Amino acid sequence: MFLSLRYSFTSWNGLTAEKPFVGLDNYIKFFTDNYVKDAWTFTIKFTIFNTIIQNCLALLFAIALDSGIKGKKFFRTVIFMPCLISAVIAGFIWLRVFSNILPALNEVLGTNINFLLFGSGETVLSGLLIANNWQWIGYWMLIYLAALQSIPTELYEAAKIDGASTIKRFFKITIPMLAPAFTICTVGITTGSLKVYELMVSSTGGGPGRASTSIIYLIYNTAISGRQYGYGSAMSIMLVLVLLIVALVQLKVLKKREVQL
Numbered sequence: 003m004f005l006s007l008r009y010s011f012t013s014w015n016g017l018t019a020e021k022p023f024v025g026l027d028n029y030i031k032f033f034t035d036n037y038v039k040d041a042w043t044f045t046i047k048f049t050i051f052n053t054i055i056q057n058c059l060a061l062l063f064a065i066a067l068d069s070g071i072k073g074k075k076f077f078r079t080v081i082f083m084p085c086l087i088s089a090v091i092a093g094f095i096w097l098r099v100f101s102n103i104l105p106a107l108n109e110v111l112g113t114n115i116n117f118l119l120f121g122s123g124e125t126v127l128s129g130l131l132i133a134n135n136w137q138w139i140g141y142w143m144l145i146y147l148a149a150l151q152s153i154p155t156e157l158y159e160a161a162k163i164d165g166a167s168t169i170k171r172f173f174k175i176t177i178p179m180l181a182p183a184f185t186i187c188t189v190g191i192t193t194g195s196l197k198v199y200e201l202m203v204s205s206t207g208g209g210p211g212r213a214s215t216s217i218i219y220l221i222y223n224t225a226i227s228g229r230q231y232g233y234g235s236a237m238s239i240m241l242v243l244v245l246l247i248v249a250l251v252q253l254k255v256l257k258k259r260e261v262q263l
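Here the sequence shown stands for residues 3 to 263, where the numbers follow the working numbering.
The following block contains the structure:
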């Protein structure tokens with residue numbers, strides 16, 4: 003961290019011993035670079051959609067598995083298993099699914115559905131969201147499931163005696179009691195989405211064009227592939243600051259909301 007901060011004020015290429023001092027030039031470039039703008043635009047869109055979708059689906063799965071359905075151990079295992087593999091492998095799996103397996107269904111079924119989500123700038127975000135949600139929903143589902151199972155049954159029984167409907171019990175008891183779990187999941191999903199990298203490496207390569215280039219992917223290409231280690235360090239410092247600010251704001255807002263609930 004401290005070395006990156008030091009290098010961010012230089013134009014070091016990562017190879018030579020010389021590290022020419024350039025002052026704030028790298029940070030000025032950061033705010034005027036169109037590549038950075040495009041990468042942040044994609045990263046923010048991915049983060050917003052991913053946080054909403056993963057939270058909602060993880061909660062829905064947790065509620066379903068907590069309802070006493072048959073085979074819940076099997077379903078819990080199936081939903082959780084993808085998070086045990088690396089994001090690189092997940093990217094390869096979904097690249098094959100979208101490129102080979104699903105298009106083959108068109109021939110079998112005689113349909114003409116476009117499954118090549120990674121091949122278009124208009125659909126690549128959807129494809130990456132599907133892949134990322136498939137991998138991580140199970141992880142956050144377990145957090146919600148643990149929170150659901152920790153809610154005292156006496157609360158539901160008392161509310162039922164008082165005549166509270168199922169919907170009212172859900173919003174008056176379940177949701178407030180899940181607030182701490184919601185905070186953990188939201189902060190975790192958000193920070194993880196802002197740092198997404200491995201999934202793009204193995205599935206889209208940041209393309210088509212720059213359509214799926216995340217800020218982490220751009221930092222890697224700039225510092226390692228482009229030999230602009232000083233500029234890449236400045237971009238890394240800015241990313242760390244953004245992550246800290248986002249996490250602190252979310253924690254403050256959500257913790258305050260927990261108290262209100």
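Every residue gets a Cβ at the ideal spot worked out from N, C-alpha and C, and that includes glycine. Since the model is a prediction, treat every value here as computed from it, not as a measurement.
For the options Phe173, Phe23, Thr49 and Phe82, the alpha carbon positioned closest to that of Val244 is the one of Thr49. Listed in chain order, the non-local C-beta contacts of Tyr219 below 6 Å within the same chain comprise Tyr199, Met202 and Gly208, local neighbours out to five positions each way being set aside. Setting aside the 5 residues that flank it on each side, Phe32 is surrounded in the same chain by Val38, Ala236, Met237 and Met240, each with a C-beta closer than 7 Å to its C-beta; the list follows chain order. Of all C-beta pairs linking the segment 215-232 to the segment 159-169, fewer than three are shorter than 8 Å, placing the two stretches out of contact. Distances from the CA of Thr79 to each of Leu180, Leu67 and Asp27 were compared; the closest alpha carbon is that of Leu67. Beyond the five residues adjoining it in sequence on each side, Ala183 comes within less than 8 Å, by CB distance, of Ile145, Tyr146, Ala148 and Ala149 in the same chain, given in chain order.
Assignment of beta-bridge partners to Thr12 by DSSP yields Phe23. Counting C-beta pairs with one atom in each stretch, the segment 129-139 and the segment 94-105 have three or more that are closer than 8 Å, which means they touch. In the structure shown, the three-state DSSP call for Lys257 is helix.
By the beta-carbon neighbour count (other beta carbons within 10 angstroms, threshold 16), Met83 is exposed. In the DSSP assignment, Tyr199 falls outside any alpha helix (DSSP H), carrying neither H nor E. For Phe172, the closest C-alpha among the options Tyr158, Leu256 and Ile163 is that of Tyr158.
Contiguous alpha helix (DSSP H) elements confined to the segment 129-178 occur at 155-163 and 168-171, taking only those with 4 or more residues. Taking C-alpha positions only, Gly232 is separated from Phe51 by approximately 32 Å. DSSP places Asn36 in the helix class (H, G or I) of the three-state scheme. Measuring C-alpha to C-alpha distances from Lys21 to each of Leu59, Leu7 and Pro210 identifies Leu7 as the nearest. A residue is called buried once 16 or more other Cβ atoms fall within 10 Å of its Cβ, and Gly234 is buried on that count. Inclusion of Trp142 and Gln56 in the CB contact set at 7 Å is warranted, their separation being smaller than that value. DSSP assignment within the segment 52-116 yields the following whole alpha helix (DSSP H) runs of 4 residues or more, N-terminal first: 74-82, 89-98 and 104-111. Contact between Leu119 and Val189 does not hold, since their C-beta atoms are separated by about 28 Å, which reaches or exceeds 8 Å. If you draw a 10 Å sphere on the C-beta of Val255, you find fewer than 16 other C-beta atoms in it, and that means exposed. If you look at Leu220, you'll find it in the alpha helix (DSSP H) that goes Ile217 to Tyr222. Closest by C-alpha distance to Arg259, out of Val242, Gly194, Thr185 and Ile221, is Thr185. Secondary structure of Gln252 (DSSP, three-state): helix. Taken atom to atom, the span from the alpha-carbon of Thr193 to that of Gly228 is near 26 Å.
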